[in-house]
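Trainee: Residue numbers (my numbering), protein chains in the order written: chain A, 27 to 236; chain B, 51 to 376. Virtual Cβ for every residue (Gly too), placed ideally from N, Cα, C. Note that the structure is predicted; figures quoted are calculated from it, not measured.
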Amino acid sequence: MEKDRKVSNGQGRKGISRRGFIQLVGAGALATTVVGDLGKPLPAAAAEVAEKGEMVHVSLQVNGRRHRFKVEPRWSLLDVLREKLGLTGPKLGCGRGECGACTVLIDGRPRYACLTLVLEAEGKAITTIEGLLKGDELSPVQKAFWDNDAMQCGYCTPGQIMAAEGLLRVNPNPSIEEIRLGMSGNLCRCGSYAHIFKAVEQAAKLRRTI
Amino acid sequence: MTMPNFSYVRPKSLKETFSHLSAGNARIHAGGTDLLGCLRDGVFTAEKVVSISQLDELKRVERLKDGSIRIGALATVAELTNHELVKEGYPALAQAALEVASPQLRNQGTIGGNLCQKPRCWYYRGEFHCTRKGGTRCFAMAGENQYHCILGGRGCYIVHPSDIAPALVAYGASVEIAGAGETRKIPVEKLFVLPEQGITKETILEPGEVLTAVLLPPAEEGFHSSYRKVRARGSWDFALAGVALALHFHEGRVAGARIVLSGAAPIPWRCPDSEKIITGQSLDDDIIARAAAAAMRQARPMQHNEYKIELFKGLIAEELAAYKRS
Ligand SMILES: Cc1cc2nc3c(=O)[nH]c(=O)nc-3n(C[C@H](O)[C@H](O)[C@H](O)COP(=O)(O)OP(=O)(O)OC[C@H]3O[C@@H](n4cnc5c(N)ncnc54)[C@H](O)[C@@H]3O)c2cc1C
Ligand code: FES
Ligand code: FES
Numbered sequence: 027m028e029k030d031r032k033v034s035n036g037q038g039r040k041g042i043s044r045r046g047f048i049q050l051v052g053a054g055a056l057a058t059t060v061v062g063d064l065g066k067p068l069p070a071a072a073a074e075v076a077e078k079g080e081m082v083h084v085s086l087q088v089n090g091r092r093h094r095f096k097v098e099p100r101w102s103l104l105d106v107l108r109e110k111l112g113l114t115g116p117k118l119g120c121g122r123g124e125c126g127a128c129t130v131l132i133d134g135r136p137r138y139a140c141l142t143l144v145l146e147a148e149g150k151a152i153t154t155i156e157g158l159l160k161g162d163e164l165s166p167v168q169k170a171f172w173d174n175d176a177m178q179c180g181y182c183t184p185g186q187i188m189a190a191e192g193l194l195r196v197n198p199n200p201s202i203e204e205i206r207l208g209m210s211g212n213l214c215r216c217g218s219y220a221h222i223f224k225a226v227e228q229a230a231k232l233r234r235t236i
Numbered sequence: 051m052t053m054p055n056f057s058y059v060r061p062k063s064l065k066e067t068f069s070h071l072s073a074g075n076a077r078i079h080a081g082g083t084d085l086l087g088c089l090r091d092g093v094f095t096a097e098k099v100v101s102i103s104q105l106d107e108l109k110r111v112e113r114l115k116d117g118s119i120r121i122g123a124l125a126t127v128a129e130l131t132n133h134e135l136v137k138e139g140y141p142a143l144a145q146a147a148l149e150v151a152s153p154q155l156r157n158q159g160t161i162g163g164n165l166c167q168k169p170r171c172w173y174y175r176g177e178f179h180c181t182r183k184g185g186t187r188c189f190a191m192a193g194e195n196q197y198h199c200i201l202g203g204r205g206c207y208i209v210h211p212s213d214i215a216p217a218l219v220a221y222g223a224s225v226e227i228a229g230a231g232e233t234r235k236i237p238v239e240k241l242f243v244l245p246e247q248g249i250t251k252e253t254i255l256e257p258g259e260v261l262t263a264v265l266l267p268p269a270e271e272g273f274h275s276s277y278r279k280v281r282a283r284g285s286w287d288f289a290l291a292g293v294a295l296a297l298h299f300h301e302g303r304v305a306g307a308r309i310v311l312s313g314a315a316p317i318p319w320r321c322p323d324s325e326k327i328i329t330g331q332s333l334d335d336d337i338i339a340r341a342a343a344a345a346m347r348q349a350r351p352m353q354h355n356e357y358k359i360e361l362f363k364g365l366i367a368e369e370l371a372a373y374k375r376s
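1) Among A:ILE202, A:GLY208, A:CYS120, which one has its Cα closest to the Cα of A:ARG195?
2) Given this structure, state the Cα-to-Cα distance separating B:ALA230 from A:ALA147, to the nearest angstrom.
3) What does DSSP give as the partner residues of B:TYR140 in its beta bridges?
4) Ligand 1 and B:ALA123: does any heavy atom of the ligand fall closer than 6 Å to the residue's C-beta?
5) In terms of alpha-carbon separation, which member of A:GLY90, A:LEU107, A:VAL167 lies closest to A:ASP133?
6) Of all Cβ atoms in chain D, is any one closer than 7 Å to the Cβ of A:GLY79?
7) Quick check: the stretch 156-167 of chain B against the stretch 209-220 of chain B, are there 3 or more CB pairs under 8 Å?
8) Which chain A residues sit within Cβ distance under 7 Å of B:SER101?
9) Please report how far the alpha carbon of B:GLN331 lies from the alpha carbon of B:ILE338, in whole angstroms.
10) Which one of B:ILE236, B:GLU252, B:SER224 has the shortest CA to CA distance from B:VAL209?
11) For a test of your reading of the model: does the CB of B:SER118 fall under 6 Å from any non-hydrogen atom of ligand 3? Yes or no.
12) For A:SER85, would you say it is in contact with chain B, using Cβ-to-Cβ distances shorter than 7 Å as the test?
13) Is B:ALA293 near ligand 1 - that is, is its Cβ less than 6 Å away from at least one heavy atom of it?
14) Going residue by residue through the stretch 180-235 of chain A, where are the continuous alpha helix (DSSP H) segments of at least 4 residues, counting only ones entirely within it?
15) Whose C-beta lies closer than 7 Å to the C-beta of B:CYS199 among residues of the same chain, with five residues either side of it excluded?
16) Run down chain B in chain order and give the residues with a C-beta less than 7 Å from the C-beta of A:TYR181.
17) Nearest to B:THR126 by alpha carbon, out of B:GLY139, B:VAL99, B:LYS115, B:GLN154?
18) Could you check whether the Cβ of A:PRO136 sits closer than 7 Å to any Cβ belonging to chain B?
19) Taking the alpha carbon of B:GLY202 as the point to measure from, which residue in B:GLU271, B:ARG120, B:VAL243, B:THR52 has its own alpha carbon closest?
20) When you compare each of A:PRO166, A:ASP175, A:ILE152 to A:ALA190 by their alpha carbons, which one comes out closest?
21) Does any residue of chain A have a CB that is nearer than 7 Å to the CB of B:SER212?
22) The alpha helix (DSSP H) that contains B:ALA344, what's its start and end?
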């Protein structure tokens, strides 16, 4: 059924086929010269299409390394980071933008990986908490969370740390009010807020001394 | 809570976007922060997700020759909080943007998506086939309605969720709407739809149309504006009550006024009676109290949201009082 429908739906075949998508999104500069399914050259500015339920290639830059794999268009960045790349720092909490457990940096800014389609993250620099480590050494924000006991169960912690990292990258010397505002997208069910805010204050100092 | 299947397309131009939108049940994806939640929760379905996120033509924020400001629909909410042109001339908009959601969502959510977002009524977002979803019953009427509207409801009692919209209405801003046919420009005030005008729609956008930009009229001398929001908790939350004010003063008197409420009605709610009361007057306690009362005269609370009336009166009065010495 599914197959029949796809064949009769000529749209996808007019230059913007699955193959076109794979090559356009995956091959960067090569994109304008690739050849589509039917052997015809693709128009330079063709839209990128991924059919329903179909696996398409995606190329992601995560923690400074490039990865290529197949995804379904409905998969979130969080799904892929955890299930395909084994990066289990980002957590699934609510799945609807309410808790912050899935926070990662996209082009240096904190965002929710649960509300980001993986195809939307193409071409952007993604940083998870795993990417903050330098070898075995903790980053200043990680160290400050450790020193201040800024966690109990720890489930929210990677998200909190990434939110703090994002905040301090644009505002290296935040006031306590700015810290509260910057961390307001991350809930902690254990109620470690007082320690979290202290940790962010200390992290700001640590970052300045490096 | 798994994400349903859909096909995905990322057009390179508006023209291409329109052709993809003409397919049945296609949905626009800007930042995706509201769309993906709705799809995951089954609020509606999409055969095709049309991502406009790569349309650079919709990302610019610029001052036009006539002094007005044009904000592309893809400008992020975070950009509105810190863009010089916005902070300088339209402080209520910058304040409202800062009140939106959380830092992560402001980094991703766009002004266009904020205006076109779906309401947050928990019945609508839940598994209830309510009037807004084409059903025959509004479950809030006899249900948990503490966050629902006190003005403008009929057959559906949502409040409009946007903080940005009331600020835009206060400034007399417009939106540009493009479709396969002609591009139209309409006041933001006319963008939204009351339940009695169309119970399953929030905006006048037709399927296949894209909101391409927001246009702010030039900021004038003697013009003051603000947005204040009250919410149930300190971290992110939608407005229980909010008020956007844009007041024009001339020789100590109010020469022109717009008072627009969030959290009150299914659309950003203007208070023409209150505006009339203060116009031509200098703001003293008596005028302020009368204006605040007038804003709530038509209010029809339900079982659990009567508190909003006093909340709004207090909020409007406090906000107006802050201008006493302007
Ligand atoms: C947890 C949470 C808390 C929030 N709190 C607040 C709050 O306090 N105040 C507030 O104002 N908002 C709040 N929001 C809403 C948030 O601001 C919006 O989700 C966001 O602005 C939508 O922008 P987007 O670009 O992600 O839109 P998308 O999710 O991409 O789109 C939203 C809807 O608009 C349509 N759409 C998007 N762009 C266009 C366009 N250019 N033309 C036509 N249609 C379009 C889409 O098809 C979709 O139906 C909250 C959201 C969440 C998840
Ligand atoms: S899991 Fe993403 S915000 Fe909760
Ligand atoms: S430490 Fe348990 S949720 Fe924050």
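Mentor: Based on what the coordinates show:
1) A:GLY208
2) 29 Å
3) Paired residue(s): none; B:TYR140 is not in a bridge.
4) yes
5) A:GLY90
6) Judged by its chain identifiers, the structure shown contains no chain D, and its protein chains are A and B.
7) yes
8) GLU146
9) 10 Å
10) B:GLU252
11) no
12) no
13) According to the sequence displayed, residue 293 of chain B carries Val and not Ala. Outside the cutoff, so no.
14) 183-196, 202-208, 219-235
15) TYR207, ILE208, VAL209, ALA314, ALA315, PRO316
16) Correct list: empty, because the minimum Cβ distance to chain B is about 17 Å.
17) B:GLN154
18) yes
19) B:VAL243
20) A:PRO166
21) no
22) 335-345
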